[in-house]
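Q:
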Amino acid sequence: MPWRIAELVRIYKETNERGTKDETLREAVRAELVKLQAGDPENFAIWKQCVDLSLQEFSKAYELLDVHYDIVRGESFYNDRLAGVVDRLLKEGLAEISEDAVCVFFRDIPELADKPAIIRKRDGGFNYATSDIATVDYRINELKRDTLWYVVGAPQTLHFKQIFEIARREGDKADFRHIPFGNVLGENRKLMKTRSGENVALRDLLEEAITRAEKIIAEKNPELSEPERKEIAKIIGIGAVKYADLSQYRMTDYVFSWDKMLALHGNTAPYLQNAYVRIRSIFRKADPSSAQQVFDRAGGSRQQSAVTLAEPTELGLAKCLCQFAEIVPQVLNDFRTNILANYLFELANSFHAFYEACPVLKAEEPARSSRLVLCDLTGGVLQRGLKLLGIEVPERM
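The following block contains the structure:
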C-alpha cells in the first residue's frame, strides 16, 4: 500500500505548487475544506480514506519506534466543537469580528499586540487555533488534566503563546508549556531531503537504519544466526536514530549522519549498548553462581554489597554511578534529554577506563567481587538510562 501513500503525497505537493500560482485553485481548495468541516458526505468519505491510510503508516512507524499512545484523538474529533468554541469566545468578549473573520486580540501583550489569533476565517472555515482551543477544553474539562505539554517544532512558538493566553483568559489554571525543538539537517546543512528533494519518510529512514546496522553486525559478528542478527540490528538501528536526536540540545539544529550515529565509538547509542554488552559478557564468562554469591553475601541487596575502591578508575566509576539519581530530575528542568545522554556517555567512558585498568574475573578476592558489583551496577544504570530514552539494549552485538 505504500504507493497509495506516495500518491497522496504527490497530489498534496502538486496542489500546493499549483496553488501558489493559481488563485482559483486556492479558492476551490478552501471551499472544499469548508464543506468538509460542515460534514459534506462526499468529502468526508474521501477524507476518511486518507486518514485510514495515514494511520496505517503511522502505526508501522510507531511499532518500529516502540511508541504507544494511551489516548488517540485526531483533529477531526473536535470538529463538532469548533463552532461552539467561536460562539463562546464571542459571548465572553474575548473574541471579536474583524474584517469578516473572528479574531482574538492581545492588545495588552506587547509581543502579541499586532498578532491576533484567527479562530474563524472570513469564508467561515476554522483553523488550527480553533482546533487547539477545543483540544485544551477537552483535556482540561473532560480528561481532567492539569498539565498540558506540547512537544512541537520551534516555528509554532507564536501559535502556542496565543493558545495558552486564550486558555488563561478563560480561567484555565493548567501548567501550559510548549516544548520546541530544532531541525534535522542533511550533510549539506540544509533541511534533510531525499536526493530528489522530497521530505524523508520516517519509516523509510528507520528501515534503512536497521539495514545498515545489520550489515555492520554481520561484519563484526558473522557467527550470529540470521534471526538473532536481525533482532539485534533492529535494536541497534532504531536506538541509533533515537539517540542521535535525543543526545542533542533540543533547540539546536543538527546534521544527520549515518556513519556518526552507527559508530561504535563516540557519543552514540551503539557505543553505550556495546558497553552494556561487554558487561553481560563478563557475567557469561564468570562462574554462573559467582555473581549471585556476591549479592548473597550482602543479604541479596546490591546496595549493601561490599565495594572496595582501591584504584583511581574504580573510584571514578563509583562516583559516576552515584550521579544517576541527580541527573534524572535535571532532565525535566528544561526538558533536555541530552543531559541524560551525556551522562550515560560519561558513564560508558568511565566503565571502559575501569575495564582497561582493572581485571575483573582474574582479580583476587575481595577485589573480584567488588568489581563484579561495579559491573552489575553500571549495566543496570546503562540499561535503565537508555530505557528512559526509549532505547533497548541487546545481550550480544
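Going by the working numbering, the first residue of the sequence shown is number 246, and it counts up by one from there.
Cβ coordinates follow ideal geometry from the N, Cα and C atoms, glycine included.
1. Could you check if Gly-630 is buried or exposed, using at least 16 other CB atoms within 10 Å of its CB as the buried criterion?
2. Are three or more beta carbon pairs between the region 572-590 and the region 485-497 nearer than 8 Å?
3. Please classify His-423: is it buried, with 16 or more other beta-carbons within 10 angstroms of its beta-carbon, or exposed?
4. Across which residues does DSSP place Val-347 in a beta bridge pair?
5. Does the Cβ of Asp-377 have 16 or more other Cβ atoms within 10 Å, making it buried, or fewer, making it exposed?
6. By alpha-carbon positions, which one of Lys-406, Glu-476 and Arg-318 ends up nearest to Glu-387?
7. Just curious, the beta strand (DSSP E) that His-423 is in, first and last residue?
8. Would you decide whether Gly-544 is buried or exposed? Buried here means 16 or more other CB atoms lie within 10 Å of its CB.
9. Is Leu-577 helix, strand or coil when you go by DSSP?
10. Between Trp-292, Ala-508, Leu-450 and Val-312, which lies nearest to Leu-278 when the distance is taken from Cα to Cα?
11. Strictly by DSSP, which residues pair up with Asn-444?
12. Going straight from the alpha carbon of Arg-365 to that of Val-626, what length do you get?
13. Can you name, in chain order, every residue of its own chain whose Cβ lies under 7 Å from the Cβ of Leu-403, other than the five neighbours on each side?
14. Throw me the rounded Cβ distance for the Leu-585 and Thr-623 pair, which I believe falls under 8 Å.
15. Measuring straight from C-alpha to C-alpha, what distance separates Glu-302 and Gly-398?
16. Distance check for Ala-454 and Ala-251, CA to CA, integer angstroms please.
17. For Tyr-395, does the three-state DSSP call read helix, strand or coil?
18. Taking the straight line between their C-alpha atoms, what separation do you get for Thr-553 and Leu-507?
19. How would you call Thr-595, buried or exposed, if buried means at least 16 neighbouring beta carbons within 10 angstroms?
20. Does DSSP put Tyr-499 in a helix, in a strand, or in coil?
21. Where do the N-terminal and C-terminal ends of the alpha helix (DSSP H) with Tyr-600 fall, by residue?
22. By Cβ distance, which residues of its chain are closer than 6 Å to Lys-479, with the 5 residues on each side in sequence left out?
23. Is it the case that the Cβ atoms of Pro-515 and Ile-481 are separated by a distance below 7 Å?
24. Threshold first: 4 residues or longer. Then list the alpha helix (DSSP H) segments lying entirely within the region 467-494, N to C.
25. Can the beta-carbon of Ile-411 be found closer than 7 Å to that of Val-349?
26. Work out the CA separation of Phe-409 and Arg-641 for me, nearest whole Å.
27. Let's test the definition: count the other Cβ atoms within 10 Å of the Cβ of Pro-692 and tell me whether it reaches 16, buried, or not, exposed.
28. So Phe-590 and Asn-466 are supposed to be a Cβ contact under 8 Å. How far apart are they, rounded?
29. Between Glu-637 and Phe-599, how many whole angstroms is the CB-CB distance? I'm expecting something under 8 Å.
30. Let's test the definition: count the other Cβ atoms within 10 Å of the Cβ of Cys-567 and tell me whether it reaches 16, buried, or not, exposed.
31. Pick from Leu-327, Ser-299 and Lys-266: whose alpha carbon is nearest that of Gln-282?
32. Please look up how many angstroms separate the CB atoms of Glu-344 and Arg-367, rounded, as I've assumed it's under 8 Å.
33. Using alpha carbons as the reference points, say which of Leu-617, Lys-258, Leu-339 and Val-500 lies closest to Arg-434.
34. Check Ala-543 in the structure and name its three-state DSSP category.
A: This is what the structure holds:
1. buried
2. yes
3. buried
4. Ile-342 and Arg-365
5. buried
6. Arg-318
7. 420-424
8. In this prediction, Gly-544 scores a pLDDT of 46, lower than 50, which makes its location untrustworthy; the coordinate-derived value is nonetheless stated afterwards. Burial call: exposed.
9. helix
10. Trp-292
11. Lys-438
12. 51 Å
13. Lys-360
14. At roughly 15 Å, the Cβ-Cβ gap does not stay under 8 Å, so Leu-585 and Thr-623 are not in contact.
15. 21 Å
16. 21 Å
17. strand
18. 36 Å
19. Note on residue identity: the sequence assigns Ser, not Thr, to residue 595. By the neighbour-count rule (16 or more Cβ atoms within 10 Å), Ser-595 is buried.
20. strand
21. 582-602
22. Ile-455
23. yes
24. 471-491
25. yes
26. 48 Å
27. For residue 692 there is no data in the structure shown, the boundaries of the chain being 246 and 642.
28. Incorrect: roughly 23 Å between the Cβ atoms, too far for contact.
29. At roughly 24 Å, the Cβ-Cβ gap does not stay under 8 Å, so Glu-637 and Phe-599 are not in contact.
30. exposed
31. Leu-327
32. 7 Å
33. Val-500
34. Because Ala-543 sits at a pLDDT of 46, beneath the cut-off of 50, its placement in the model cannot be relied upon, and the following sentence gives the value as read from the coordinates. Reduced to three states, the DSSP call for Ala-543 is coil.
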